[in-house]
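Read top to bottom, the protein sequences are chains A and B.
Per the numbering used here, numbering of the first sequence is gapless, rising by one per residue and ending at 152.
Per the numbering used here, numbering of the second sequence is gapless, rising by one per residue and ending at 1152.
2 protein chains.
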Amino acid sequence: MPLPAMPTPLLTPAANLIAASGGRVTRTRTAVLEVLQHSARSLNHDDIAAELAANGLPHDRVTLYRTLDWLVEQGLAHRVIGPDRARRFKAGGEISSPHAHFHCERCGHVLCLESIRPDERFTLPAGYEPERAELVFHGTCADCGRRRGAKA
Amino acid sequence: MPLPAMPTPLLTPAANLIAASGGRVTRTRTAVLEVLQHSARSLNHDDIAAELAANGLPHDRVTLYRTLDWLVEQGLAHRVIGPDRARRFKAGGEISSPHAHFHCERCGHVLCLESIRPDERFTLPAGYEPERAELVFHGTCADCGRRRGAKA
DNA sequence: GATCTAATGCTACAATGTTGCATTAGATCC
DNA sequence: GGATCTAATGCAACATTGTAGCATTAGATC
Ligand SMILES: [Mn+2]
Ligand SMILES: [Mn+2]
Ligand SMILES: [Zn+2]
Ligand SMILES: [Zn+2]
């Protein structure tokens, strides 16, 4: 029997965001944004490359850099520079919702603290015009603290 | 007539700090610490190398890295990672007086805001144990704002 | 001044990110 | 569906920032 005609295939949320921003909806962009969207913590370049390869979509290093930069430009992802001087990425723009980050010195993970907004809580010296503020806590995360027992 | 015997030569403040920390008082360490002490803003590796060369004391890149690391270890300098992923250094320890920094996006300078202390002003989610907090403002510094006229 | 070794200089290497250009594939038009 | 146009990708070479190993130099002590 003949297959019924498929309706116009629904785009994933990631693909829709990419299409809405005016760029081409490519496998790479969709896959990278989905990796970011499915992660609770921020991911560095290697994390993302490994995840793509695991999904059968290995990519050139440079393409990944350019794709991530593009996602940040479009406001579909944001970036934090970790203490290891490497960039970490997470889905979602930052300008719309600036927030602090927590770097765990045991497991190395960087988490977004959406509830903590660093802006407009400090008075700077006269003449200094801040446009944004970066706030990063360093210490032990909840997971690592629990794993160590009651006393961290 | 015979020259009067010179008293034991006075060490510079920088040399005294270095001697007090137990390490050898070398030309390199003294010169680097003095460069840092004489600067109001934090300096990156190239800034320091250029300053040393201008003073007739050119140095190997690696030695500079090691010297700066050593000064930080001894608590005689502190370090901030700039948005260009390069470290910037300033005289004085940070643990004793944690403070925020201001990065000017026009001139690229990074200044210490000794009066703004990022710690103990935020409540983190349960289980998260911060040991230190980094707070960096990004915007236009007073100098660059003035240079642009009343309206930045 | 002679001695001991921390500090330095040199070379090679690692990690992260960038540039230029040829090739591929996403979009558009038919 | 296929032809066309060019944004996106892949590839190679390079740039920047920082590290590791080891021979040489110079700060401290005698
Ligand atoms: Mn975040
Ligand atoms: Mn500072
Ligand atoms: Zn952790
Ligand atoms: Zn400025």
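Virtual Cβ for every residue (Gly too), placed ideally from N, Cα, C.
Establish whether the CB of residue i and some CB of chain B are separated by less than 8 Å.
i	result
A/Thr-63	no
A/Arg-85	yes
A/Lys-151	Below a pLDDT of 50, predicted positions are generally treated as unreliable, and A/Lys-151, at 46, falls in that range; the measurement from the model is reported next regardless. Chain B, which has no Cβ nearer than 8 Å to the Cβ of A/Lys-151, makes this no.
A/Leu-113	yes
A/Phe-102	yes
A/Gly-127	yes
A/Thr-30	no
A/Glu-134	yes
A/Cys-107	no
A/Pro-2	Bear in mind that a pLDDT of 46 at A/Pro-2, under 50, signals an unreliable position, so the number given afterwards is only what the model happens to contain. Not closer than 8 Å to any Cβ of chain B, the Cβ of A/Pro-2 fails to qualify, so no.
A/Ile-81	yes
A/Pro-98	no
A/Pro-130	yes
Apart from the five residues just before and just after residue i, which ones in its own chain have a Cβ nearer than 6 Å to its Cβ?
i	result
A/Arg-41	His-109, Leu-111
A/Asn-44	Ala-86, Arg-88
B/Val-1035	Ile-1048, Glu-1051
A/Ser-21	Gln-74
Could you tell me whether the Cβ of residue i comes closer than 8 Å to any Cβ of chain A?
i	result
B/Arg-1148	no
B/Phe-1137	yes
B/Pro-1118	yes
B/Phe-1122	yes
B/Leu-1017	no
B/Glu-1073	no
B/Ala-1040	no
B/Ala-1142	yes
B/Gly-1145	yes
B/Glu-1094	no
B/Met-1006	In this prediction, B/Met-1006 scores a pLDDT of 44, lower than 50, which makes its location untrustworthy; the coordinate-derived value is nonetheless stated afterwards. Not one chain A Cβ lies under 8 Å of B/Met-1006.
Could you tell me if residue i is buried or exposed, where buried requires 16 or more neighbouring beta carbons within 10 angstroms of its beta carbon?
i	result
A/Thr-26	exposed
B/Leu-1011	exposed
B/His-1038	exposed
A/Gly-139	buried
A/Cys-141	buried
A/Tyr-65	exposed
B/Cys-1107	exposed
A/Ile-18	buried
B/Ile-1095	exposed
A/Ala-126	exposed
Please check the pair residue i and residue j, which I expect to be a contact at CB under 8 Å, by giving their CB distance rounded to whole angstroms.
i	j	result
A/His-91	A/Leu-135	Reading the sequence as shown, one finds Ala at residue 91 of chain A and not His. About 20 Å separates the two Cβ atoms, so there is no contact after all.
A/Leu-124	B/Phe-1089	Not really, about 22 Å apart at Cβ, beyond 8 Å.
Return the chain-ordered list of same chain residues with a C-beta closer than 7 Å to the C-beta of residue i, the five sequence neighbours on each side being excluded.
i	result
A/Thr-28	His-59, Thr-63, Thr-67
A/Arg-146	none
B/Ala-1015	Val-1025, Thr-1030
A/Ile-81	Arg-87
A/Arg-117	Pro-98, His-99
Residues bridged to residue i by DSSP?
i	result
A/Thr-63	Its beta-bridge partners do not exist; DSSP assigns none.
B/Thr-1140	A/Glu-129
A/Phe-102	A/Leu-111, A/Phe-137
A/Arg-24	DSSP, once it has assigned bridges, lists no residue as partnering A/Arg-24.
B/Val-1080	B/Arg-1088
B/Ser-1042	B/Val-1110
Using C-beta distances below 8 Å, list every residue in its chain close to residue i, excluding the 5 sequence neighbours before and after it, in chain order.
i	result
A/Ser-115	His-99
A/Glu-161	With chain A running from 1 to 152 in the structure shown, residue 161 of chain A is simply not present.
B/Gly-1093	Gly-1075, Leu-1076, Ala-1077, His-1078
B/Trp-1070	Gly-1023, Arg-1029
A/Asp-119	Pro-98, Pro-130, Arg-132, Ala-133
A/Ala-54	none
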